[in-house]
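When we follow the working numbering, the leftmost residue of the sequence shown carries the number 383, and every step to the right adds one. Input: a single structure, listed below in structure tokens.
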Amino acid sequence: MAELLHPNKVEMKPFLKNLDKNLFKKTYNLVAAKVSPKKVGLLNKVCKKDLLDWPRVKHVYQQNNEKLVLLNRDASLDGTRGLSDATVSFIKENNIELVPFQLTLDYDYWRADDILDAILPPGEKEDHPSGFTAVGHIAHMNLREEWLPYKYIIGKVILDKNPSIETVVNKTDTIDTKFRTFQMEVLAGKDDFIVTQSESNCKFRFDFSKVYWNSRLSTEHDRLIQQFQPGDAVCDVMAGVGPFACPAGKKNVIVFANDLNPYSYESLVENIFLNKVANFVKAFNQDGREFIRSSVQKLLGFSKDEKAITVFPPRKRARKLEENKDPVRQDIPIPPVFSHYVMNLPGSAIEFLDAFKGCYYGLEYLFKDRSLPKVHVHCFCRFPDPEEDLINRIYASLGYRFSPEEVDFYYVRKVAPNKDMYCCTFTLPGSIIFAKPVSG
Ligand SMILES: C[S@@+](CC[C@H](N)C(=O)[O-])C[C@H]1O[C@@H](n2cnc3c(N)ncnc32)[C@H](O)[C@@H]1O
């Protein structure tokens, strides 16, 4: 049946922006059993196997005071072909009349895939492009060269067929290396890049054309957030619009979140307020290397000045606790040092590791009863066995050669055929962070 159910091929000239929806009408000549409304239930039961069973197509229609029940595509009008014995007997015994029925499926019925298959020429490698990543109301496509002449029509179909999508964009160049943003062209829908996206129980508002966002990283965000404990201090060196920072703040983790892109910083500030985590998450707009160094004193000062962050349970719980005369507030002490550093700038974050050299010089005493900080640094790797390469690169920047057992090499995702993203987690060695900084 699948091969029957598709619109007829439509000749489409390249670079067209509008679609004549009438071209996608297709009429099927079917047979219907005409019965009184009272009999429909019984007919449905007895003749179940012989009824029309097409996806998203209803098979019972009203005609005056009677019902027309559509039979399967092979049923003949005289009832001699395409029907089971049970159905034939039922029709005979109940004197049911079989009548012709024309069913028309139109543009609204077909799925995006069906329509694109009907209008696009055969593809070189893959199926026709109907896949996209949704970011808020935006569908973000990455069309292959061969589909570019049809990009506006493809955009229109995606827009029409996905009710939550209001704008369809296509990536127009490779990713900008500095802030990980890319140029995009609106293919269909409104010219509006300000999106609201949900992730990890938080809302994020940002201009998708000016900041980095990748919905495919949500699992990685959650994975690291799970490792942070309430009361930990986390330094998010390349925080973007806050997908690590805001959810961590919601679980009472103190986060110093930084991003060099002024637009990311602006959204980060907005998202901190949107998610009501301003007590726990502080935003900064510095270069990551500088921030690794300056944040040490910033946190120490914050911990000395504020000492603790007071949290109140959500109102409903607070009322319950009040009734039981339990304390309604909790003080979360602010630690003087970070437990975790997150560095998600996979193209170059490893090269920022040199900033840790001597960053806690003279502050050894702060770690008397605490573990040394952990670093989670994201990176790309082109080798199938990444350990040696990544250990060498970390050594070149941090000046410390880890053994493979000391580093957790976590595979995050495939970015391109020969390019994988990893997250390397290790504890910062005391010999590096307490070393006397070399002046000059
Ligand atoms: C891959 S994005 C990750 C953003 C966010 N952590 C996330 O997971 O979505 C890298 C971020 O690093 C920021 N960035 C680039 N260069 C930077 C630098 N030198 N210092 C700090 N942030 C930088 C970019 O603006 C971008 O937001």
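Where a beta carbon is used, it is the ideal one built from N, C-alpha and C, also for glycine.
Name the residue from the options whose alpha carbon lies nearest to the alpha carbon of residue i.
{"i": "E688", "options": "R783, Q611, N661, N477", "result": "N661"}
{"i": "E581", "options": "V820, S721, V550, A630", "result": "A630"}
{"i": "A414", "options": "Y443, M394, P389, R438", "result": "Y443"}
{"i": "S649", "options": "T554, A627, K632", "result": "A627"}
{"i": "V710", "options": "V517, R697, K538", "result": "R697"}
{"i": "F588", "options": "L530, H510, I520, I814", "result": "I520"}
{"i": "V481", "options": "F808, K416, D542, K553", "result": "K416"}
{"i": "E788", "options": "K391, L810, L599", "result": "L810"}
{"i": "R605", "options": "F514, V794, T549", "result": "V794"}
{"i": "I714", "options": "I654, N657, K632, L405", "result": "K632"}
Assign residue i to buried or exposed, taking buried as 16 or more other Cβ atoms, counted over all protein chains shown, within 10 Å of its Cβ.
{"i": "A690", "result": "exposed"}
{"i": "L386", "result": "exposed"}
{"i": "F586", "result": "buried"}
{"i": "N477", "result": "exposed"}
{"i": "Q579", "result": "buried"}
{"i": "G518", "result": "buried"}
{"i": "P728", "result": "buried"}
{"i": "F561", "result": "buried"}
{"i": "A621", "result": "buried"}
{"i": "L424", "result": "exposed"}
{"i": "D402", "result": "exposed"}
{"i": "N454", "result": "buried"}
{"i": "T469", "result": "buried"}
{"i": "G670", "result": "buried"}
{"i": "D790", "result": "exposed"}
Give the straight-line distance between the Cα atoms of residue i and residue j, rounded to the nearest whole angstrom.
{"i": "K818", "j": "Y743", "result": "6 Å"}
{"i": "H603", "j": "D488", "result": "42 Å"}
{"i": "D618", "j": "D751", "result": "23 Å"}
{"i": "Y804", "j": "I815", "result": "24 Å"}
{"i": "N643", "j": "Q608", "result": "26 Å"}
{"i": "P419", "j": "L450", "result": "9 Å"}
{"i": "V577", "j": "P545", "result": "16 Å"}
{"i": "H760", "j": "L599", "result": "12 Å"}
{"i": "H510", "j": "V428", "result": "41 Å"}
{"i": "F564", "j": "V551", "result": "11 Å"}
{"i": "F762", "j": "K533", "result": "31 Å"}
{"i": "M327", "j": "K474", "result": "Nothing can be reported for residue 327: it is not among the residues displayed for the chain, which extend from 383 to 822."}
Can you look up residue i in the DSSP assignment and give me helix, strand or coil?
{"i": "G571", "result": "strand"}
{"i": "F666", "result": "strand"}
{"i": "Q444", "result": "strand"}
{"i": "N640", "result": "strand"}
{"i": "T809", "result": "strand"}
{"i": "E393", "result": "coil"}
{"i": "I576", "result": "strand"}
{"i": "H758", "result": "strand"}
Please go through the segment 716-746 and give each complete beta strand (DSSP E) segment of 3 or more residues, from N-terminal end onward.
722-725
Entirely enclosed alpha helix (DSSP H) segments - the segment 445-514, minimum 4 residues
467-475, 494-501
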